[in-house]
Amino acid sequence: MDVRPRAFEDLVAEGVAVPTEGWDFSWFEGRASEERPSWGYARSMAERLAGTTAALDIQTGGGEVLGFALDTLADADADAADNADPRPLLTAATEGWPPNVAKATALLRPHGVAVVASEEDAPLPFADAAFDLVVSRHPVRAHWHEIARVLRPGGTYFAQHVGPSSVYELVEHFVGTQPDATRNARHPDRERAAAEAAGLDVVELRAERLRVEFYDIAAVVHFLRKVIWMVPDFSVEKYEDRLRALHKRIESEGPFAAHSTRHLFDARKPVT
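Offset between the sequence shown (1-based) and our numbering: plus 4.
1) Could you tell me if MET5 is buried or exposed, where buried requires 16 or more neighbouring beta carbons within 10 angstroms of its beta carbon?
2) For the beta strand (DSSP E) holding ALA262, just list the boundary residues, first then last.
3) If we ignore side chains and look at the alpha-carbon of each, how far apart do ASN188 and GLY55 end up?
4) Does DSSP classify ARG10 as helix, strand or coil?
5) Using CA coordinates, which residue listed in GLU195, GLU217, PHE12 is at the minimum distance from GLU173?
6) What are the residues that DSSP puts in a beta bridge with ASP61?
7) Rounded to the nearest angstrom, what separates ALA46 and ASP28 at their Cα positions?
8) Among the residues of its own chain, which have a CB less than 6 Å from the CB of GLY67, if the five just before and after it don't count?
9) Where GLY34 and ALA222 are concerned, what is the direct C-alpha to C-alpha distance, given to the nearest angstrom?
10) Comparing alpha-carbon positions, which option in LEU128, GLU150, SER256, GLU123 lies nearest PRO102?
11) Can you give me the C-alpha to C-alpha distance between LEU250 and GLY65, rounded to a whole angstrom?
12) Identify the residues that DSSP records as bridge partners of GLN164: which are they?
13) On the three-state DSSP scale, how would you describe GLY71?
14) Hey, which unbroken runs of the alpha helix (DSSP H) at 4 residues or more fall wholly within the segment 156-219?
15) Using the Cα positions of GLY258 and ASP220, report the straight-line distance between them to the nearest angstrom.
16) With a threshold of 8 Å, are at least 3 pairs of Cβ atoms found where one atom belongs to the segment 236-252 and the other to the segment 128-142?
17) Measure from the alpha carbon of ALA97 to the alpha carbon of each residue in VAL235, GLU212, ILE62, then state which is nearest.
18) When you compare the CB of GLY203 with every CB in chain D, is at least one pair closer than 8 Å?
19) I need the straight-line Cα distance from GLU51 to ALA126, nearest angstrom please.
20) Touching or not, the segment 156-176 and the segment 228-237, by the rule of three or more beta carbon pairs under 8 Å?
21) Is it buried or exposed for THR57, if we count other Cβ within 10 angstroms and need 16 for buried?
22) Given a threshold of 16 other Cβ atoms within 10 Å of its Cβ, counted over all protein chains shown, does ILE232 qualify as buried or as exposed?
23) Let me know the secondary structure DSSP gives SER239 once reduced to three states.
24) Would DSSP call GLU38 helix, strand or coil?
25) For THR265, does the count of other Cβ atoms within 10 angstroms reach 16, so buried, or fall short, so exposed?
26) Count the other CB atoms, across all protein chains shown, that sit within 10 Å of the CB of GLY159; report buried if there are 16 or more and exposed otherwise.
27) Got a sec? Which residues, its chain only, sit under 7 Å from GLU25 by beta carbon, not counting five neighbours each side?
28) Is the separation between the beta-carbon of ALA262 and that of VAL166 shorter than 8 Å?
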């Protein structure tokens, strides 16, 4: 078996060729790894969805996390002695990137989910107090006043957010040391204050720092193409020198280690 290191050009070409739509990260298996938060967001989401009347998933991506949660509930329904369907009577999702809208629609339509094309910074296209549960996994930005507006009194926002300086060891390899204001833009204390300013009560806020490893430069290229806000102007051509340097480092030292940050929000709209 040929165990020689693969050429930089071949690995980069492979990373460029992988489609980027959706939030399915299965391609990274064997090429990168990331610790998962202890709270298990997708399964926790399924538990929150059970028995909910109306639910909204904001920035659903390709619908993978919501689809997993609804599949989990469907399996629970099949196993239940009373056959009571625990899924929400109404479920909607928003997404702004057209390729993801198409992917999410195909994935979630069998579950009866209405996927609405909506830009991430636009007002949510729903009436006031339309939902008793709003969920989101890794929103680009939480628009707290809109979240509070569409929640019914007593309703819940249950979400997993990307935290401050997430995977910044990798980011700063490409763009240099970032100012504190940029590094701390997603700090959970700031987001708590914003949620409370919008009229929500933060019931629980948990944060964790998790190890990430990249085993080859193809994984780095695909990651930066997929998670576009990490290095917004990323292209192989622009950052070829930094990519080559990181490729040599991985070959000589082993996987490149970074750390992701995540926080779990459980916030509720007061009953007035």
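Note that CB positions come from ideal geometry on N, CA and C, so glycine has one too.
Taking the geometry as given:
1) Low confidence applies to MET5: its pLDDT is 39, below 50, so where it sits in the model is not reliable enough to give any reading.
2) 260-272
3) Going from the Cα of ASN188 to the Cα of GLY55 covers about 37 Å.
4) Three-state result, ARG10: coil.
5) Relative to GLU173, the option among GLU195, GLU217, PHE12 whose CA is nearest is GLU217.
6) ALA97, VAL139
7) 13 Å
8) Correct list, in chain order: ALA108, LEU111, LEU112.
9) In a straight line, the C-alpha of GLY34 is about 11 Å away from that of ALA222.
10) Closest option to PRO102, judged by alpha-carbon separation, among LEU128, GLU150, SER256, GLU123: GLU123.
11) 29 Å
12) In the DSSP assignment, the residues bridged to GLN164 are ARG141, LEU268.
13) helix
14) 172-179, 184-187, 192-201
15) Taking the straight line joining both Cα atoms gives about 9 Å.
16) no
17) ILE62
18) Absent here is chain D; the protein component of the structure consists of one chain.
19) Between GLU51 and ALA126, the C-alpha separation is close to 29 Å.
20) yes
21) The residue is exposed, with fewer than 16 neighbouring Cβ atoms inside 10 Å.
22) exposed
23) coil
24) strand
25) buried
26) buried
27) Once the five neighbours on either side are set aside, the close Cβ partners of GLU25 are GLY66, PRO103, ASN104, LYS107.
28) no
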